[in-house]
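*Asks:*
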């Protein structure tokens with residue numbers, strides 16, 4: 013391996029891989045070079061299992077919705093078609109972030125939480141229930157009101173018993189309105205919320221603090237019509 017010797021160094025003492033100069037001018041050159049090296053920040057490498065998801069997001073089209081930069085992706089919209097390797101990437105990421113041991117039911121809000129809960133249910137052998145946007149009129153049905161960035165509606169929780177250990181799974185954490193409504197319904201049902209997880213988290217919008225911590229697989233932001241992606245902490 014090459015050692016570093018400052019330009020025009022006339023003399024110096026070698027320490028490890030760097031020749032430390034005794035000349036004051038050469039020492040200044042070395043100090044400047046080392047400072048420049050220290051200032052380089054290397055972005056953390058994304059886990060290979062998440063690359064299919066990240067790559068597909070970077071290629072996602074972006075549309076303008078009344079000034080809101082909205083990316084269109086199979087995870088959040090069902091179009092373009094969601095490739096199997098991308099869905100596997102989603103499930104790998106979720107499995108890294110939540111512990112499904114002892115979980116009784118996965119809870120998926122209609123509509124874009126359903127396909128993720130389905131895939132996770134098959135992988136983990138845990139049943140799932142859908143929080144619907146329509147009422148069935150059951151005696152123990154719980155209705156809640158949700159407000160999101162795109163509108164508001166009613167949600168209806170069925171199929172969860174008191175004491176059930178549940179994990180909530182949805183496509184994206186943006187305004188937090190859906191998550192807040194679903195968790196409120198589960199609390200009214202006396203279920204135990206073990207985890208809340210989303211595939212994506214928008215980090216370029218204001219998100220309120222929620223009572224329940226939300227884990228996400230990838231952070232996304234839209235800058236100049238392009239989707240930027242990083243692994244969530």
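Residue numbers (this note's numbering): 13 to 245. Backbone N, C-alpha and C fix where the C-beta goes; we use that ideal spot for every residue, glycine too.
Output the distance between the C-alpha atoms of residue 42 and residue 222, rounded to the nearest integer angstrom.
*Replies:* Below a pLDDT of 50, predicted positions are generally treated as unreliable, and residue 42, at 49, falls in that range; the measurement from the model is reported next regardless. One C-alpha to the other measures close to 50 Å.
*Asks:* Taking Cβ to Cβ, would you say residue 62 is nearer than 8 Å to residue 240?
*Replies:* Going by C-beta atoms, residue 62 is not nearer than 8 Å to residue 240.
*Asks:* Assign residue 113 to one of three DSSP states: helix, strand, or coil.
*Replies:* Coil, per DSSP.
*Asks:* Please list the terminal residues of the continuous alpha helix (DSSP H) segment that includes residue 184.
*Replies:* That residue, residue 184, is in no alpha helix (DSSP H); its beta strand (DSSP E) goes 177-185.
*Asks:* Could you tell me which uninterrupted beta strand (DSSP E) segments, each at least 3 residues in length, are contained entirely in the segment 63-123, listed from first to last along the chain?
*Replies:* 74-77, 80-83, 117-121, all fully within the segment 63-123.
*Asks:* In whole angstroms, what separates the C-alpha of residue 124 from that of residue 170?
*Replies:* Cα to Cα, the separation comes out at about 18 Å.
*Asks:* So what does DSSP say about residue 210, is it helix, strand or coil?
*Replies:* Residue 210: strand per DSSP, three-state reduction.
*Asks:* For the alpha helix (DSSP H) containing residue 248, list its first residue and its last residue.
*Replies:* Beyond the ends of the chain as shown, which are 13 and 245, falls residue 248; an answer cannot be given.
*Asks:* Among 65, 98, 164, 175, which residue has its Cα nearest to the Cα of residue 114?
*Replies:* For residue 114, the nearest C-alpha among the options comes from 175.
*Asks:* Is residue 222 helix, strand or coil when you go by DSSP?
*Replies:* Looking at residue 222 - three-state DSSP - the assignment turns out to be coil, as it is neither helix nor strand.
*Asks:* Residue 141 lies in the beta strand (DSSP E); which residues open and close that run?
*Replies:* Taken as a continuous stretch (DSSP letters only), the beta strand (DSSP E) holding residue 141 covers 140-143.
*Asks:* Count the other CB atoms, across all protein chains shown, that sit within 10 Å of the CB of residue 185; report buried if there are 16 or more and exposed otherwise.
*Replies:* It counts as buried.
*Asks:* Could you tell me which residues DSSP puts in a beta bridge with residue 155?
*Replies:* Note: residue 155 sits in a beta bridge opposite 168.
*Asks:* Residue 133 lies in the alpha helix (DSSP H); which residues open and close that run?
*Replies:* Start and end: 126-136.
*Asks:* Exposed or buried, what is residue 134 when buried is set at 16 or more other beta-carbons lying within 10 Å of its beta-carbon?
*Replies:* When all chains shown are included, residue 134 counts as exposed.
*Asks:* For residue 60, does the count of other Cβ atoms within 10 angstroms reach 16, so buried, or fall short, so exposed?
*Replies:* With fewer than 16 other Cβ atoms within 10 Å, it is exposed.
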